[in-house]
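Written below as structure tokens is the structure these notes are about.
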Amino acid sequence: MSERNKIVDAIPVMAWSCLPNGSADYFNMHFLAYLGITTEEAVGWKWMSALHPDDAEQLKGIWLELLKSGRRGEAEARLRRSDGEYRWFLFRANPVFAEDGSVVRWYGTNTDIDDRKRAEEELRRTAAFLEQGQRLTQTGSVWWKPSSGQIYWSDGAYRVAGYPVTQKPTVNLILDRCHPEDLPMVREIVNRAIYDGTNMDLEHRLLLPDGEIKYVHVVLQNISSDAADPEFIGAVTDITGRTIADKKLRRSDVLLAEGQRISMTGTFSWKVDSDELAFSDELNRIFGFDPDVVVDFDRIAARVYEEDLELLAKKMAEVRLGGDNPDYDIRLLVDGRIKYVRVVGRIVRHLDGTSECIGAVQDVSAQRLAEQARDRLRSELAQLARVMSLSTVAASIAHEVNQPLAGIITNASTSLRMLAETPPNVSGAIETARRTIRDVNRAADVIVRLRTLFKRGVATIEPLDLNAAAREVIALLTNDMQRSRISLHSEFSGELPLIVGDRVQLQQVVMNLLRNSIDAMAENSPSSRKIVIRTEPEDDGGVQLTVTDTGSGLATPEIERLFDPFHTTKLYGMGIGLSVSRSIVEAHGGRIWAAPVSGGGAMFGFWIPGRDKPNSPSAMKADPP
Ligand code: ADP
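Going left to right, the sequence shown walks through residues 170 to 794 as my numbering numbers them.
Shown next, in the form of structure tokens:
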């Protein structure tokens with residue numbers, strides 16, 4: 170072995186030489202040892218069988234190109250080691266020329282670049298992962314050195330900011346994208362970062378040129394060891410989706426709570442096996458619990474109206490025994506007030522065999538009270554109807570009274586005529602006088618019956634709010650008034666004291682007055698049909714109610730007779746409404762009156778004494794005067 174070959178064998182690279190046609194004629198020891206073959210097994214083109222199949226074609230192509238051009242060159246390819254493992258090598262080939270310029274030989278080296286290649290590969294993979302990760306998380310990486318103005322943005326950062334990757338990133342570019350409302354805040358934080366090296370962690374909005382708004386979260390950490398020269402590395406994340414979802418979630422939470430509050434419905438969950446309970450805020454409110462109380466059955470029982478405890482226990486026992494979805498009403502006693510609640514539950518059987526009762530509790534107090542008021546009004550109206558039919562009965566009685574009255578008058582004049590005869594017909598006159606007495610008795614009988622009828626009406630004496638009583642009557646007449654195109658104005662005093670009396674009877678008075686006004690305006694043009702109903706407290710502690718209309722009005726001489734029984738000016742009138750009204754008002758210790766209204770129309774009013782007045786109806790007799 171020549172001295173030169175010894176040297177070539179000793180160098181830590183693979184070396185080789187080829188003939189001008191590319192056929193190999195020499196390999197150094199290093200090369201042969203790597204391949205694990207002898208020179209004979211490698212020479213010519215034979216060594217090429219150690220090339221990685223994926224690289225062989227390409228390397229051959231480049232090699233043939235070099236041979237043809239006679240220019241030095243290089244290529245990368247994998248070679249199989251004696252143990253079968255492939256490693257990357259950089260093949261370098263240098264031609265040696267004869268004086269005529271033709272290639273005499275080729276000399277080359279193969280340098281092991283496997284570690285570098287792997288590192289590169291690793292880096293590429295890492296970069297790809299990073300890129301992919303950033304794409305998926307809508308995040309970009311940022312590096313920034315304020316002193317030099319250098320900024321690096323990853324592709325992800327460009328994507329978030331909506332700039333093309335060809336744009337050179339600058340601080341101004343970022344501020345340009347900032348939503349105008351957030352700009353002062355961002356500017357301040359950026360300035361602080363530049364001067365103090367303060368880490369940044371902020372959320373703000375971007376306003377893109379197409380008007381799209383993005384929410385971003387920016388985190389930049391100062392990694393510089395030199396306090397005077399900060400250097401930041403960090404990330405910017407597009408959190409638009411999350412922020413909107415958060416907002417939606419918050420909004421739907423708010424809506425749910427608002428819905429519960431408006432509908433006065435609370436929700437609960439009861440884990441039947443462990444007796445764990447959870448109440449919504451509204452349910453805590455319904456039960457009068459503090460918002461963060463831990464609800465248990467003792468607390469609930471303490472709030473349930475005593476008489477309903479048994480029902481609650483029964484309903485819960487049914488659920489425990491695997492019963493159906495509960496649906497029942499119970500009463501609560503919260504702060505001394507009774508609340509009516511409706512409980513509706515659904516049983517959910519979980520996969521682990523446990524069950525949960527999820528339900529809603531609605532505060533239906535308002536409905537219940539309205540129902541009760543409605544029922545009360547209904548029975549009162551039934552009573553009112555009875556009292557009203559009294560006037561029909563009274564009218565027929567009046568008819569009966571008229572007959573004996575007519576008889577009395579006829580008999581009396583017959584008697585007079587008989588006595589005036591010459592000679593006087595005494596026996597005839599006596600007989601006629603007897604018939605007169607019979608008729609008078611009959612009339613008296615009728616009157617007694619009538620009085621008994623009136624008497625039956627006076628009954629319940631209770632404290633009452635005349636405004637409320639009148640409002641109910643108005644409600645009853647609303648349809649009639651609308652049909653008659655009458656506009657009604659109520660001027661109810663807000664300071665009306667309570668009075669004592671029979672509500673239904675006083676309602677009958679108000680009803681009579683309003684009905685009379687409606688009747689009195691029948692001839693008016695619709696635009697001048699107006700009723701004003703007014704209540705006022707009086708200095709004497711009593712209350713006054715007046716009904717003023719724009720109807721036919723009252724002629725002065727007849728005013729006193731209006732309240733007489735059977736006085737009517739109406740074709741189908743009975744003339745009994747005002748007289749009954751007077752009886753009722755006087756039975757309450759009050760007064761009733763009528764007055765003409767200047768410009769036409771009439772005003773009817775009554776006054777009822779206050780509760781504590783001596784002539785108040787607390788001593789009211791059942792029989793009106
Ligand atoms: P009725 O309505 O059956 O006639 P009332 O006793 O209620 O019986 O009324 C008696 C009469 O008083 C009526 O026929 C009417 O002439 C007169 N009157 C009552 N209210 C008014 C009023 N608001 N305007 C004019 N006249 C009225």
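Every residue gets a Cβ at the ideal spot worked out from N, C-alpha and C, and that includes glycine.
All figures in this text were calculated on a predicted structure; none of them were measured in a lab.
Neighbourhood of residue i by C-beta distance below 6 angstroms, restricted to the same chain and skipping five residues each side
i, result
"residue 388", "370, 403 and 404"
"residue 224", "246 and 247"
"residue 730", "736"
"residue 783", "Unreliable placement is indicated for residue 783, whose pLDDT of 47 sits below 50; no coordinate value is reported for it."
"residue 236", "191"
"residue 384", "374, 408, 409 and 412"
Cβ-based burial, residue i [other Cβ within 10 Å; buried from 16]
i, result
"residue 399", "buried"
"residue 364", "exposed"
"residue 795", "The shown model of the chain, from 170 to 794, leaves out residue 795, and the question about it has no answer."
"residue 460", "exposed"
"residue 655", "buried"
"residue 775", "buried"
"residue 180", "exposed"
"residue 417", "exposed"
"residue 482", "exposed"
"residue 227", "exposed"
"residue 175", "exposed"
"residue 519", "exposed"
"residue 266", "exposed"
"residue 578", "exposed"
"residue 756", "buried"
"residue 197", "buried"
"residue 326", "buried"
"residue 166", "Residue coverage of the chain in this structure runs from 170 to 794, which leaves residue 166 outside it and unanswerable."
Within-7 angstroms CB hit, residue i to chain C
i, result
"residue 735", "You won't find chain C in this structure, because it holds only one protein chain."
Inter-residue CB distance, residue i and residue j (contact presumed, cutoff 8 angstroms)
i, j, result
"residue 470", "residue 478", "6 angstroms"
"residue 230", "residue 272", "With 8 angstroms as the limit, residue 230 and residue 272 do not qualify as a contact, their Cβ atoms being about 19 angstroms apart."
"residue 721", "residue 692", "6 angstroms"
"residue 372", "residue 408", "7 angstroms"
"residue 480", "residue 499", "6 angstroms"
"residue 444", "residue 524", "Actually they do not touch by this definition, with Cβ atoms about 12 angstroms apart."
"residue 217", "residue 203", "Actually they do not touch by this definition, with Cβ atoms about 14 angstroms apart."
"residue 355", "residue 342", "Contact doesn't hold; Cβ gap of about 13 angstroms is too wide."
"residue 605", "residue 580", "4 angstroms"
Beta-carbon proximity check, residue i vs residue j, cutoff 7 angstroms
i, j, result
"residue 535", "residue 573", "no"
"residue 702", "residue 718", "no"
"residue 473", "residue 526", "no"
"residue 503", "residue 435", "no"
"residue 714", "residue 765", "no"
"residue 716", "residue 682", "yes"
"residue 674", "residue 777", "no"
"residue 376", "residue 348", "yes"
"residue 312", "residue 286", "no"
"residue 243", "residue 261", "yes"
"residue 636", "residue 665", "yes"
"residue 301", "residue 309", "no"
"residue 517", "residue 530", "no"
"residue 466", "residue 528", "no"
"residue 199", "residue 255", "no"
"residue 451", "residue 430", "yes"
"residue 259", "residue 280", "yes"
Beta-carbon contacts of residue i that lie in its chain and below 8 angstroms, excluding the five residues immediately before and after
i, result
"residue 787", "For residue 787, the pLDDT reaches just 41, beneath the cut-off of 50, and the residue's location in the model is therefore unreliable, although a value from the coordinates is still provided. Contacts found: 630, 669 and 780."
"residue 640", "659 and 661"
"residue 186", "193, 194, 195, 274, 275, 276 and 277"
"residue 453", "435, 459, 460, 462 and 464"
Residues that DSSP places opposite residue i in a beta bridge
i, result
"residue 247", "257"
"residue 658", "701"
"residue 308", "406"
"residue 775", "714 and 761"
"residue 376", "382"
"residue 669", "632"
"residue 435", "530"
"residue 390", "402"
"residue 341", "The partner list for residue 341 (beta bridge, DSSP) is empty, contrary to what the question assumes."
"residue 651", "According to DSSP, which records beta bridges pairwise, residue 651 is partnered with nothing at all."
Residues near residue i in its chain [Cβ-Cβ closer than 7 angstroms; skip 5 each side]
i, result
"residue 307", "329, 406 and 407"
"residue 748", "732, 733 and 734"
"residue 484", "495 and 497"
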